[in-house]
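Novice:
Residue numbers (my numbering): 52 to 179.
1. Is it the case that the Cβ atoms of residue 101 and residue 169 are separated by a distance below 8 Å?
2. If you draw a straight line from the C-alpha of residue 121 to the C-alpha of residue 72, how long is it?
3. Nearest CA to the CA of residue 151: which residue from 87, 108, 132?
4. If you count every other CB in all the chains shown that lies within 10 Å of the CB of residue 174, and 16 or more means buried, which is it?
5. Between which two residues does the alpha helix (DSSP H) harbouring residue 113 extend?
6. For residue 163, which three-state DSSP category applies?
7. Which residues does DSSP list as the beta-bridge partners of residue 109?
8. Measure the Cβ-Cβ separation of residue 145 and residue 166 and say whether it is below 8 Å.
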C-alpha cells in the first residue's frame, strides 16, 4: 500500500512538473514574440508583484518594468533584431533560462524567468 501511494505521489509530481514546464514554455514563447508587437504586449507577461533584477538595479511592479522595456526598445539600433540569436535555452518547471546574442550590439546576454500562474514573477537579466 505504501509503495502504491509513493508511486502515485511520484506520478502526480511528474505530471505537475510537466504542466509547469509546459506553462513556462508558453510564457517564454509569448515573451519572445511580444517584442515584435510592442510594449503593451510585452507587459501582458507581468503582474503588479513582478520584479526584474539586473546587475545594478531592481525594477519592481508594472510601472518600473514598463520603463525598463520602454528604454530597452527605444535603444534598439537598426539591425539588432536581425542579429538576435538564441544560443541556449533550458526550461525546468517554472524556471526558464535563455542565453542570447545580437552581435555586434550585444555579445552575450542571459535571462532567467520564474513563471507562476502563467505570468513572469521574477526575471534576471544581464548583458555584455
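For each residue, glycine too, the CB sits at the ideal point set by N, CA and C.
Specialist: Once the coordinates are examined:
1. no
2. 29 Å
3. 132
4. buried
5. 112-126
6. strand
7. 104
8. yes
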